[in-house]
Amino acid sequence: MVRPRLGNMPVSEDEGVDTEDLISVGFSQLGSESQWRSANTKSIQKALNIDNGFLLEFNNARQKQENQIKAIRGFISQRVDYIAFSPVTEEGWDVVLGEAKDAGIPVILVDRRINTNDMSLYTCWIGTDTVAEGTRAGKWLEEYLASKKKANAMINIVVLQGTLGSTAQLGRSVGFNSVAAMHPGWRILEEASADFTASKGKEVMADFIKKYGKIDVVVSQNDDMTFGAVAAMQEAGINVGENGVVIISFDGVKEALKLVQQGIINVDLECNPEQGEYIVDIIHRLENGEKVDRSNVVDEQVFTKDNVDRFIYDRSY
Ligand code: AHR
Numbered sequence: 286m287v288r289p290r291l292g293n294m295p296v297s298e299d300e301g302v303d304t305e306d307l308i309s310v311g312f313s314q315l316g317s318e319s320q321w322r323s324a325n326t327k328s329i330q331k332a333l334n335i336d337n338g339f340l341l342e343f344n345n346a347r348q349k350q351e352n353q354i355k356a357i358r359g360f361i362s363q364r365v366d367y368i369a370f371s372p373v374t375e376e377g378w379d380v381v382l383g384e385a386k387d388a389g390i391p392v393i394l395v396d397r398r399i400n401t402n403d404m405s406l407y408t409c410w411i412g413t414d415t416v417a418e419g420t421r422a423g424k425w426l427e428e429y430l431a432s433k434k435k436a437n438a439m440i441n442i443v444v445l446q447g448t449l450g451s452t453a454q455l456g457r458s459v460g461f462n463s464v465a466a467m468h469p470g471w472r473i474l475e476e477a478s479a480d481f482t483a484s485k486g487k488e489v490m491a492d493f494i495k496k497y498g499k500i501d502v503v504v505s506q507n508d509d510m511t512f513g514a515v516a517a518m519q520e521a522g523i524n525v526g527e528n529g530v531v532i533i534s535f536d537g538v539k540e541a542l543k544l545v546q547q548g549i550i551n552v553d554l555e556c557n558p559e560q561g562e563y564i565v566d567i568i569h570r571l572e573n574g575e576k577v578d579r580s581n582v583v584d585e586q587v588f589t590k591d592n593v594d595r596f597i598y599d600r601s602y
């Protein structure tokens, strides 16, 4: 397929590569807030490369929706073949995606979802099932407490939430809370956002420690916030993990899996960042005129001390 040259796209200096033959993709990444996000960016940049037939225009929005909207408008004016992006929060995309639709550019959502009534604004979504992750976390706690003969005990829980209004925050909260609602003894003392970062995780956890005398369980909606929360508890002289406050985390980055191995994190619900190859596969199928599924969920695991050794050594992120 011969493609028109794009107005502002760089021409590759790689010998023998004619950019007219490449599939151009504008990708707006929401930021670089976590180790997970860096792994996700790497996966996308590795998969959508020139050797694979792609010309990738990558933009980091630094957690701001307005930067993502600006980047998407830039991709539209460059007439890229596809726009892909990971929306920082779910609301507020209709206008800019309407512009992409009018320009005839297919849009692929990656990692997070959007809230819209107009399903024609995007072609498909690739990501993880965050409601299932939250539910798995609740179910794990249920079984853990039963194994300690505490199935009906009063349990004080605090929740470190991710970026409010993001798919990962909304889904994990809905999933975990649906299990918590079945347990009258589970008291969620407070849920507060720490924006998926280690520094805020430490700050919010330190605040919880000051406010609440007895915390039994910390649900931290990503590993980076968990690193901060664990540091805050250790600095306050509080035992964590298998010998103390139960720590439930999400993502499963290598540094966190090491803490699972050491019994510091009790359970880590995987959120798989390796989504680049899925995007490539979807675009190839669209190029061949095939239909693609609207929702494409990537595979995930649950990591505990019992199984973590099997996974940790191969982990590249
Ligand atoms: O949307 C996925 C979440 O975003 C990951 O859990 C988190 O680490 C990231 O920042």
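Using the numbering used here, the letters of the sequence shown correspond one by one to residues 286 to 602.
We put the CB at the ideal spot given by N, CA and C, even for glycine.
None of the values given here were measured: they were computed from a predicted structure.
Quiz prompt | Identity of the residue in Tyr563, Asn507, Gln353 and Pro372 nearest Leu445 by Cα | solution = Asn507
Quiz item: What do you reckon, are the CB atoms on Glu418 and Ile399 nearer than 9 Å?
Solution: no
Quiz item: CB of Cys409 to nearest heavy atom of ligand 1: below 8 Å?
Solution: no
Quiz item: Quick one: is Ala521 buried, meaning 16 or more other Cβ sit within 10 Å of its Cβ, or exposed?
Solution: Burial is judged here by how many other beta carbons sit within 10 angstroms of a residue's own beta carbon; Ala521 has fewer than 16 and is exposed.
Self-check item: Distance, Arg364 Cα to Asp306 Cα
Solution: 15 Å
Practice problem: Would you list the one or two residues that DSSP bridges to Gly311? | Solution: Glu342 and Ile368
Exercise. Can you grab the Cα-Cα spacing for the pair Arg358 / Gly316, in whole Å?
Key: 18 Å
Quiz item: With which residues is Asn446 paired in a DSSP beta bridge?
Solution: This sequence places Gln at residue 446; Asn is not what is there. Per DSSP, Ser478.
Exercise. Identify whether Leu333 lies in helix, strand or coil by the three-state DSSP scheme.
Key: coil
Quiz item: For Pro289, which of helix, strand or coil comes out of DSSP?
Solution: Any answer about Pro289 is weak, because its pLDDT of 41 lies below 50 and its placement is not dependable; what the coordinates show is given next. In the structure shown, Pro289 sits in coil (DSSP, three-state: anything other than H, G, I, E or B).
Quiz item: So, are the CB atoms of Trp321 and Pro558 less than 9 Å apart?
Solution: yes
Practice problem: Could you spell out the range, first to last residue, of the beta strand (DSSP E) harbouring Ser463? | Solution: Counting along the chain, Ser463 falls outside any beta strand (DSSP E), though it belongs to the alpha helix (DSSP H) covering Thr452 to Ala465.
Quiz item: Candidates Asn402, Ile393, Phe360 and Pro391: which alpha carbon is nearest Gly377's?
Solution: Asn402
Self-check item: Check: Gln350 C-beta below 8 Å from any heavy atom of ligand 1
Solution: no
Quiz item: In chain order, what residues of the same chain have a beta carbon less than 7 Å from the beta carbon of Asn352, not counting five sequence neighbours either side?
Solution: Ala346
Quiz prompt | Whether Ile615 touches Val577 by CB criterion (9 Å) | solution = Limits of the chain in this structure are 286 at one end and 602 at the other, which puts residue 615 out of reach.
Quiz item: Quick one: what's got a C-beta closer than 7 Å to Gly561's C-beta in the same chain, skipping five residues either side?
Solution: The beta carbon of Gly561 is closer than 7 Å to those of Ser328, Ile329, Lys331, Ala332 and Leu333 in its chain, skipping five residues each way along the sequence.
Quiz item: Hey, Phe461 and Glu318: beta-carbon distance below 9 Å or not?
Solution: Contact flag unset, no.
Practice problem: At 3 residues or longer, and completely inside the segment 526-592: list those beta strand (DSSP E) runs for me, N to C. | Solution: 531-536, 552-555 and 580-582
Practice problem: Return the first residue and the last residue of the alpha helix (DSSP H) that Ile354 is part of. | Solution: Residue range Gln350 to Gln363 is occupied by the alpha helix (DSSP H) that includes Ile354.
Exercise. Would you mind working out which of Tyr367, Asp414 and Val515 sits nearest Leu406, comparing C-alpha positions?
Key: Tyr367
Quiz prompt | Gly423 - containing alpha helix (DSSP H), residue span | solution = Thr415 to Ser432
Practice problem: Assign Ser534 to one of two classes, buried (16 or more other C-beta atoms within 10 Å of its C-beta) or exposed (fewer than that). | Solution: Buried, since its Cβ has 16 or more Cβ neighbours within 10 Å.
Practice problem: Tell me whether Val503 sits in a helix, a strand or coil according to DSSP, three-state version. | Solution: strand
Quiz item: Relative to the C-alpha of Met510, which residue among Gln454, Gln547 and Lys386 is closest?
Solution: Gln454
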